[in-house]
Amino acid sequence: MYLKSLEISGFKSFAKKATLSFTSPIASIVGPNGSGKSNVAEAFRFVLGEQSIKSMRGKRGEDLIFNGSAEAGRVNRASVKVVFDNAKRILNIDFDEVTIERLVHRDGINEYLINGSQVRLKDVIELLAGAHIGASGHHIISQGEADRILSANMHERREMIEDALGLKVYHYKKQESIRKLEKTEENMEQVESLRKEIAPHLKFLKKQVEKAEKVREMREELRGLYREYLKREEIYLAREKNTIAKEKAQPAHELARLDKELEHARSVLEKSKNKDGTSNEVIALEKALADIRRERDGYTRELGQIDGEIGALKRVIAKEREQQAREDSKTVYLKDVEEIVRKVDQHIGHSFEKKSVEELQSIFGSIKELLFGFISLHKTTTAPTDKGVTTEAEINKLEDSKKKLTAQSENAEVREKELGHRYAVLKDSIEREKDSNRDAEKEVFRIIARQNEVRSILNTLNGRSERISLEEDAYKRELNEAYILAGREAVDVKSIVVDPHFVEPRQAQEDRKRVLEKLKIRIEDSGTGNADDVLKECKEVEERDAFLEKELTDLVLAKQSLENLIADLDTRLDLEFKEGILKINAQFSHFFSLMFGGGSAELQVIREKKRKKSDTDLSVLLDDEAPLPENTEDEDGREGIEIAVNLPRKKVKSLMMLSGGERALTSIALLFAISQVNPPPFIILDETDAALDEANSRKYGDMIESLAKYSQLILITHNRETMSRAGTLYGVTMGADGGSKLLSIQFDEAVKVAK
Ligand code: ATP
Numbered sequence: 115m116y117l118k119s120l121e122i123s124g125f126k127s128f129a130k131k132a133t134l135s136f137t138s139p140i141a142s143i144v145g146p147n148g149s150g151k152s153n154v155a156e157a158f159r160f161v162l163g164e165q166s167i168k169s170m171r172g173k174r175g176e177d178l179i180f181n182g183s184a185e186a187g188r189v190n191r192a193s194v195k196v197v198f199d200n201a202k203r204i205l206n207i208d209f210d211e212v213t214i215e216r217l218v219h220r221d222g223i224n225e226y227l228i229n230g231s232q233v234r235l236k237d238v239i240e241l242l243a244g245a246h247i248g249a250s251g252h253h254i255i256s257q258g259e260a261d262r263i264l265s266a267n268m269h270e271r272r273e274m275i276e277d278a279l280g281l282k283v284y285h286y287k288k289q290e291s292i293r294k295l296e297k298t299e300e301n302m303e304q305v306e307s308l309r310k311e312i313a314p315h316l317k318f319l320k321k322q323v324e325k326a327e328k329v330r331e332m333r334e335e336l337r338g339l340y341r342e343y344l345k346r347e348e349i350y351l352a353r354e355k356n357t358i359a360k361e362k363a364q365p366a367h368e369l370a371r372l373d374k375e376l377e378h379a380r381s382v383l384e385k386s387k388n389k390d391g392t393s394n395e396v397i398a399l400e401k402a403l404a405d406i407r408r409e410r411d412g413y414t415r416e417l418g419q420i421d422g423e424i425g426a427l428k429r430v431i432a433k434e435r436e437q438q439a440r441e442d443s444k445t446v447y448l449k450d451v452e453e454i455v456r457k458v459d460q461h462i463g464h465s466f467e468k469k470s471v472e473e474l475q476s477i478f479g480s481i482k483e484l485l486f487g488f489i490s491l492h493k494t495t496t497a498p499t500d501k502g503v504t505t506e507a508e509i510n511k512l513e514d515s516k517k518k519l520t521a522q523s524e525n526a527e528v529r530e531k532e533l534g535h536r537y538a539v540l541k542d543s544i545e546r547e548k549d550s551n552r553d554a555e556k557e558v559f560r561i562i563a564r565q566n567e568v569r570s571i572l573n574t575l576n577g578r579s580e581r582i583s584l585e586e587d588a589y590k591r592e593l594n595e596a597y598i599l600a601g602r603e604a605v606d607v608k609s610i611v612v613d614p615h616f617v618e619p620r621q622a623q624e625d626r627k628r629v630l631e632k633l634k635i636r637i638e639d640s641g642t643g644n645a646d647d648v649l650k651e652c653k654e655v656e657e658r659d660a661f662l663e664k665e666l667t668d669l670v671l672a673k674q675s676l677e678n679l680i681a682d683l684d685t686r687l688d689l690e691f692k693e694g695i696l697k698i699n700a701q702f703s704h705f706f707s708l709m710f711g712g713g714s715a716e717l718q719v720i721r722e723k724k725r726k727k728s729d730t731d732l733s734v735l736l737d738d739e740a741p742l743p744e745n746t747e748d749e750d751g752r753e754g755i756e757i758a759v760n761l762p763r764k765k766v767k768s769l770m771m772l773s774g775g776e777r778a779l780t781s782i783a784l785l786f787a788i789s790q791v792n793p794p795p796f797i798i799l800d801e802t803d804a805a806l807d808e809a810n811s812r813k814y815g816d817m818i819e820s821l822a823k824y825s826q827l828i829l830i831t832h833n834r835e836t837m838s839r840a841g842t843l844y845g846v847t848m849g850a851d852g853g854s855k856l857l858s859i860q861f862d863e864a865v866k867v868a869k
C-alpha cells in the first residue's frame with residue numbers, strides 16, 4: 115500500500131476540496147455519467163506531472179481549473195495533492211511519507227511541490243520514474259484507452275511496453291545522455307576551435323619564449339663570463355695601480371730630491387753669478403795690498419835711508435871715538451897735570467872759605483871748566499865735542515824715526531799680512547768657489563740627466579697609469595653595460611673569491627672580453643623584446659591552452675563515458691526489454707487463455723524492414739545496393755512489437771478481425787500481463803471493463819484480484835461485478851452547483867450510485 119490519498123481542489127469539476135483515502139488494495143469510484151469520475155483519473159495524471167493537456171481533455175491549462183457554473187463561481191487555481199507511504203522508500207527520498215502537489219493557475223503557471231517545497235517538474239518526474247510511476251504511464255488507463263495498445267503501431271507499442279517494463283527510465287537516461295553527448299560534442303568543437311584559434315599564437319609565443327629562453331641562457335652565461343671578467347679586471351686594475359704607484363714612489367721621490375738638488379745646484383750657480391762683488395773685493399784687496407806694500411816699501415826705503423844715515427852717523431861717531439880713544443891714550447905731561455891739580459886744589463881751597471851754595475856751585479863750575487879745559491888743551495883735534503853730541507842726537511832722532519817707521523812698517527806688515535790673509539782667503543774661496551761652481555754645473559748636468567731619466571721612467575709609468583685609467587674607464591663602462599645586460603648579479607663581484615696573487619697574462623682577459631663581446635652581439639641579434647612580457651603572455655596562453663586541453667580531455671572522457679553509458683543503457687534496455695517480453699508473453703498467454711478459455715497470444719519483437727515509397731521502383735528492387743530514390747520514406751529498421759493472437763476455435767490471427775469485446779479482452783489480458791511483470795505501485799483503470807459481458811466481467815474481476823496482490827487498484831467503473839471486488843468505494847455525484855462531490859459509500863449504495 116503505497117498510495118495513501120488524493121486531494122483534489124479546484125481541479126476540473128472538483129470545485130471544492132475532495133479527498134480520497136486509499137485504505138484497501140482495490141478502490142472503486144462509481145457515479146453517474148458526467149459526475150466527474152474520469153476527472154479523478156485525470157487528477158492523478160495531473161499531479162504526476164502530465165504535460166499533455168489534451169490527454170486530460172483540455173486545450174489549455176485553464177481548462178483544468180474549475181470553471182464555475184450557474185451556481186458557483188470559477189476558481190483561480192487547481193491543485194491536486196497525492197500522498198505516498200514511503201516507509202519502504204519506493205521513492206528515492208528520505209521521508210516516510212511523501213506528498214507531491216501540483217498547482218495550475220489561470221495564467222497557465224504551474225507549481226510543483228514535494229513535501230511542501232517548491233521543486234521543478236523534472237524533480238517530480240525523476241522521483242516518480244524511480245518508483246516506476248509516470249504521468250501518462252501504463253498504469254493509468256483512461257476511458258476508452260484500453261485497446262490503445264492494440265491500435266498503436268509496432269513502435270508505439272514498443273514504447274508503451276518499455277514504459278510498462280520500467281525501461282523508460284533508461285530511455286530518459288539515454289535521452290539525457292544523448293543530450294549531454296551532443297552538448298559535450300558541441301563543447302568539444304568549441305574547445306577545439308578555440309585551441310585551433312590560439313594554436314598559431316601559442317606556437318609563435320613558444321618560439322619567442324624559446325628565443326627568450328636562449329637569450330636568458332645566454333644572459334646567464336654572460337653573467338658568469340662577466341663575473342669572472344669583471345672580478346679579474348678589478349683585481350688587475352687594483353694590482354696594476356698599486357704596482358705603478360709603488361714603482362712611481364721611488365722615481366717620484368728621487369725626482370723630488372733631484373729637484374731640490376737642482377735647486378740647490380742652481381742656487382750655487384746663481385751665487386757664482388754674483389761673483390762681481392767678490393772680484394771687486396779682490397781688486398780692492400789687491401789695491402790695498404799694493405798700497406800697503408808701497409807704503410811698506412816707503413818705510414823700508416826710509417828705514418834704509420835712516421839706517422844709512424845712522425850708519426854714517428855711527429861711522430862718524432866711531433871715527434870720533436877712535437879719535438877720542440887716540441886722544442884718550444895721549445900722554446900728558448906731568449907738569450901740566452900737576453899744574454892743573456894745583457889749580458883745582460886752589461879752587462877747592464877757595465871753596466872752604468865760601469859758605470853759600472851758589473858760591474860752591476860756581477867753584478864746582480870753575481873746577482869743571484878747568485878740567486874740561488885741561489882735556490881740550492891736551493886734545494889733538496880741535497873737533498868740537500858738540501859735534502859728536504849732535505850726531506848722537508841725530509842718530510837718536512833717526513833712531514826715533516826708525517822706530518816710528520819700523521812701527522809703521524810693522525804696522526803696515528801686519529796690515530799687509532791681514533790683507534794678504536784676506537786676499538789669500540778670498541782667493542782661496544774664489545778658487546774653491548770655482549771648483550764648487552764646476553761641481554755645481556756638473557751636478558746640474560748630472561741632475562738634469564738623471565731627472566730626464568727619472569722623468570722618462572715616470573713618463574713610462576704615467577703612460578701606464580693613463581692606460582690603466584683608460585682601462586678603468588672601460589671597466590666602468592663595462593660594469594654599466596653588464597648591469598644592464600646581465601643584471602645586478604653580474605656586477606656584484608665582491609662575493610667572488612679569487613686568488614689575488616694569481617697572475618695571468620693580459621691576453622687571458624682579452625680573450626675573455628672577446629668571448630663576452632661575441633655573446634653580447636648574439637644577445638643583441640636575438641632581439642627579443644621584453645622577455646618577461648613574452649613569458650607572461652606565453653604562460654597565460656599556455657595555461658589557457660592547457661586548460662582547454664584538459665577540458666577537451668575531460669570532454670573526451672565525458673564523451674566516452676557518455677557513449678559507454680549510452681551503449682550500456684542500450685544493452686540493458688535491449689536485455690531487459692527482451693527479458694520483459696518473455697515474461698510478459700508468459701503472463702499474456704495465461705491471461706489470454708483465461709479470458710478466452712483457451713487460445714494463445716504473444717508479443718513478437720520484429721525488426722521492421724526498410725520500406726520504399728514506391729514498391730514498383732524496379733531499379734531498387736533489382737539492385738539492393740542502388741541508391742535510394744528521393745522522397746523515400748526510410749524506416750530505420752528499429753525493433754517494434756507485433757501482437758499475435760490465436761483465439762480458441764477460431765482461425766483469427768489478426769487483431770483487425772477481433773470483435774469489440776474480443777479486443778477489450780485481449781487488451782485487458784495484455785495490460786494485466788504487463789502489469790504483472792513489472793507491477794507499478796498503483797493502477798488506475800477507467801471503465802476498462804465497459805465492454806465486458808457478465809461472464810467476462812467475472813473473469814475480469816478475478817484478474818483484478820490477482821493483480822491487486824502486486825499493485826493498488828483504483829477502478830472507475832459502472833460494473834457491478836467490478837464494484838463487488840473493491841474494498842473501498844467512492845461515489846461521485848454532480849451537485850446542483852455543477853461541482854463534483856465525493857462520498858464514501860457501501861457496496862449497495864455504490865450499485866445505486868453507479869446507476
Ligand atoms: P462518464 O461516466 O460518462 O464517463 P464521468 O463521471 O467520468 O462520466 P467526467 O468525464 O469525469 O464524468 O466529468 C465530466 C464532467 O466534468 C462534465 O460534466 C464536465 O462539464 C465537467 N467538467 C470538466 N471540466 C470542467 C471544468 N473545468 N469546470 C467545471 N466542470 C468541468
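With positions in the sequence shown counted from 1, the corresponding number in our numbering is that position plus 114. Ideal Cβ placement from N, Cα and C applies to all residues, glycine included. In this text the structure is predicted, and so the values were computed from the model without any measurement.
Give the DSSP bridge partners of residue i, in chain order.
i, result
"L827", "I140 and I797"
"R216", "V194 and Y226"
"D199", "E211"
"F128", "F125"
"Q718", "E756"
"D232", "This sequence places Gln at residue 232; Asp is not what is there. DSSP output for Q232 lists L227 as bridge partner(s)."
"K855", "T847"
"I255", "L799"
"I179", "F125"
Kindly indicate which residue of the options has the alpha-carbon position closest to the one of residue i.
i, options, result
"F198", "H269, I239 and Y116", "Y116"
"I420", "T836, L519, V766 and R536", "L519"
"V218", "L162, I254, R620 and H269", "L162"
"L662", "Q289, N301, N229 and S127", "N301"
"L485", "E453, E473 and I509", "E453"
"R410", "N394, A521, A426 and R309", "A521"
"A379", "L540, I143, R560 and S307", "R560"
"Y824", "M848, P795 and Y814", "P795"
"L708", "Y814, R536 and G849", "Y814"
"Q790", "S768, S703 and F861", "S703"
"I424", "L512, R415, S465 and R456", "L512"
"V714", "I720, H535 and S768", "It should be pointed out that residue 714 corresponds to Ser in this sequence rather than to Val. When each option's Cα is compared against that of S714, the closest is S768."
"Q718", "K692, G711 and G712", "K692"
"T298", "L666, E530, E835 and K310", "L666"
"I720", "E595, T213, V455 and E270", "E270"
Can you give the Cα-Cα distance for residue i and residue j, rounded to whole angstroms?
i, j, result
"V648", "R602", "22 angstroms"
"E164", "E215", "12 angstroms"
"V233", "L227", "5 angstroms"
"D606", "R341", "8 angstroms"
"H461", "A526", "60 angstroms"
"A366", "N573", "11 angstroms"
"K126", "M170", "10 angstroms"
"S476", "K517", "40 angstroms"
Would a C-beta distance cut-off of 8 angstroms place residue i and residue j closer than the cut-off?
i, j, result
"I431", "T505", "yes"
"R333", "V612", "no"
"G145", "G845", "yes"
"E375", "I582", "no"
"D237", "R777", "no"
"F786", "L821", "yes"
"S119", "L134", "yes"
"A192", "L178", "yes"
"D800", "I830", "yes"
"I255", "T802", "yes"
"Y597", "L351", "no"
"L540", "L399", "yes"
Contact set, the ligand ATP heavy atom to C-beta under 5 angstroms
The set of residues with any CB-heavy atom separation to the ligand ATP below 5 angstroms comprises, in chain order, K126, S127, N147, G148, S149, G150, K151, S152, N153, F180 and N181.
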